[in-house]
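Participant: FYI, in UniProt numbering the residues of the sequence shown are 1 to 154. We treat Cβ as the ideally placed atom computed from N, Cα and C, and that holds for glycine. Just so you know, these numbers come straight off a predicted model, no measurement behind them. Quick one: structure below, then a few questions.
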Amino acid sequence: MATLEKLLNLQAKVKDLESCRSNLEKENENITKDTLKKKSDANREITKQKEDFDIYKRGVEQNHKKIETSLTNREKERLLKEKEGRDLDADIQDFNKKKRSFAQEKKDIEKLKSEYIDREYKANLLIAQYNKMTGELPQEKPKVEKISKKKKKR
Numbered sequence: 001m002a003t004l005e006k007l008l009n010l011q012a013k014v015k016d017l018e019s020c021r022s023n024l025e026k027e028n029e030n031i032t033k034d035t036l037k038k039k040s041d042a043n044r045e046i047t048k049q050k051e052d053f054d055i056y057k058r059g060v061e062q063n064h065k066k067i068e069t070s071l072t073n074r075e076k077e078r079l080l081k082e083k084e085g086r087d088l089d090a091d092i093q094d095f096n097k098k099k100r101s102f103a104q105e106k107k108d109i110e111k112l113k114s115e116y117i118d119r120e121y122k123a124n125l126l127i128a129q130y131n132k133m134t135g136e137l138p139q140e141k142p143k144v145e146k147i148s149k150k151k152k153k154r
């Protein structure tokens, strides 16, 4: 009887152990399912984050391209304006040279005109003296214009 009790106790322990084993296997399956589900969710999340990052990266690259294009265009505009400014400066310098040249030519013309009037005046005086010496009376006094020389203030 003692062996029968021992046998029954052992059978009960075996049933308990099998029940524990069954419970552990179920828990193991549940843990495996949870782990696989979490792994799958994590992979989906990582994939989504990668896609989001790629979208963000493309957006940043496009913004950089836009900024580069904008800066390039601004640089081109700046260089064009500088060139136009240099062209304008050159035009202004040419104009000023022509203006000075014109002013000098004007002075030279005035000087020649003054010299011509002085010579004409002297010639008329000589003619008048000659006529006096020869006894001819001048019919009219020669009209002589004298240009006053004006000094320009600078």
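#1: Using only the alpha-carbon positions, how far apart do K39 and I46 sit?
#2: Determine the DSSP secondary structure at G59, reduced to helix, strand or coil.
#3: Assign G85 to one of three DSSP states: helix, strand, or coil.
#4: Which runs of the beta strand (DSSP E) at least 3 residues long sit entirely within the segment 79 to 130? Give them in chain order.
#5: Look at the alpha carbon of F95 and the alpha carbon of K81, and state the distance between them as a whole number of angstroms.
#6: Hey, how far is the Cα of D89 from the Cα of K83?
Facilitator: Result, derived from the coordinates:
#1: 10 Å
#2: helix
#3: The three-state reading of DSSP puts G85 in helix, counting H, G and I together.
#4: none
#5: 20 Å
#6: 10 Å
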